[in-house]
Amino acid sequence: MVSATESVIVYADGGSRGNPGPAGYGSVVVAADGVTVLAERNGYLGRATNNVAEYSGLIAGLTAARDLGATEVAVRMDSKLVVEQLSGRWQVKHPDMKPLAATASALLAGFSSWSLTWIPRSQNSAADRLANEAMDSGLAGRDPIASGIDSGARAPAEITDPAAVLPGPLPTGATRVLIVRHGETTWGADGRFAGREDVPLTNRGRRQASSVADRIKGLRPSVVLTSPLQRCRLTAQAIGAAADAPVVVHDRLLDGLLGDWTGFRPAEIERRWPEQFAVWRSDTGAQPPGGESFDEIRDRVGPLIEEVGRLYRGHTVVLVTHAATTKMLLTSALGVASEAAYRLRVDTASLSGFTVDVDGGVVVWAVNETGHLTG
């Protein structure tokens, strides 16, 4: 007999006030009895379309079901487009939809069995309510992420044995490491520092994720490691879906902690904290108020090079992370002082890379490659 947590029902919805306009999503995970609510998720997307919001609700619901340990999932949505596209009866043509559809398909493939059913909006009222609450909260400037049931499971835990996801025994040879910065975010498009704030991708950012995924799939990565923040996870899921590679969340890949500077533009920071900002831009040991220095970021991410070379020897590994983290990975790989980071440019959805030889030697062969991006 299948338990209530092994078999679940996911209700998902999304909406946009303007299409495109202020958008939000909501999802509810219900036990097999059809009554017991196991998890609720919602979030504000900024400016997006109905379809982007609906896919986002489904992805959030499937992720919650996976994190609960469900093996069977029945999805119920009032979006005919999403149901028909993921069922394979309608083509996914719009570029904004392709990475979302790929992410949702990859999540569905992780369950032993799944189904997609269209339902009338009247039967999807719980998810619709959460989506509207997210839009209301986002427009009011409040935290759009619901704190409801099982909120602690929102970000999946790091897999304790990442090597277990590799297909078969490890081959011998050098390890190729690809570093990808996440796609453009709503705050990044507005020139604001995000740090640890869990801001979403823009539509352009989703297209960038799809483009870098197309660039990487031919390199046949075995695994994708990602920062827990959604801008990286969505980028990583697009890469994983395109390359048919598992995605593993790794806390070392988190962005730097910006403390009091979170959400501000550089010019605003310079006006409010002129002396501290000037020092931070020239001294890698300097911290933002309540934040983390570049040197501290390097101490956190530097050991990843040895770890990846040991766990994934002979494989191609993708690290999806943030600008500051990428810079500290590259300065560590190059064996140069952290101050070199001030002379490195790392664009959204850019690709950098290095190789770790069997003897531990590291050779950097790409920095900030962006030829795969079209705009």
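Going from the sequence shown to my numbering is simple: count from 1 and add 147. C-beta atoms are modelled at their ideal positions from N, C-alpha and C, and glycine is treated no differently. This one's a predicted model, so the numbers in the text were calculated from it and none came from an experiment.
Measure the alpha-carbon distance for T517 versus N271 and round it to whole angstroms. Roughly 42 Å separates the two Cα atoms.
What would DSSP say about L325, mapped onto helix, strand or coil? Residue state, collapsed to three classes: strand.
Quick check: F501 and V514, are their CB atoms within less than 7 Å of each other? For F501 and V514, no; Cβs fall outside 7 Å.
Using 7 Å as the threshold, is the C-beta distance between G432 and L404 below it? No, the Cβ-Cβ distance between G432 and L404 is not below 7 Å.
Can you list, in chain order, the residues of its chain with a C-beta nearer than 7 Å to that of T495? Leave out the 5 residues immediately preceding and following it. Excluding residues within five positions, the ones whose Cβ falls inside 7 Å are R328, H329, G330, E331, G335, G352, Q355.
P541: first and last residue of the uninterrupted beta strand (DSSP E) it sits in: As displayed, the chain neither begins before 148 nor continues past 522, which places residue 541 out of reach and without an answer.
Can L277 and G168 be called in contact, C-beta distance under 7 Å? Contact check for L277 against G168 fails: the beta carbons are separated by 7 Å or more.
What span of residues does the beta strand (DSSP E) with G190 cover, start to end? In the DSSP annotation of this structure, the continuous segment of the beta strand (DSSP E) that includes G190 starts and ends at 184-195.
Name the DSSP beta bridge partners of I156, please? Under DSSP, I156 shares a beta bridge with V177, A221.
Look up T210 in the DSSP assignment and say whether it is helix, strand or coil. Of the three classes helix, strand and coil, the one that applies to T210 here is helix, per DSSP.
In whole angstroms, what is the alpha-carbon distance linking V176 and S260? Here the alpha carbons of S260 and V176 stand approximately 16 Å from one another.
Is there a Cβ of chain D sitting closer than 7 Å to that of V175, yes or no? The displayed structure is made up of one protein chain only, and chain D is not part of it.
DSSP puts T468 in a beta bridge; with which residues? Paired residue(s): R328.
Three-state secondary structure assigned by DSSP to G335: G335 sits in a helix when the DSSP states are folded into three classes.
Helix, strand or coil for T264 per DSSP? Correct three-state label for T264: strand.
Bridge partners - G500, DSSP secondary structure assignment: Bridge pairing for G500: L325, A513 [DSSP].
Determine the DSSP secondary structure at G482, reduced to helix, strand or coil. Looking at G482 - three-state DSSP - the assignment turns out to be coil, as it is neither helix nor strand.
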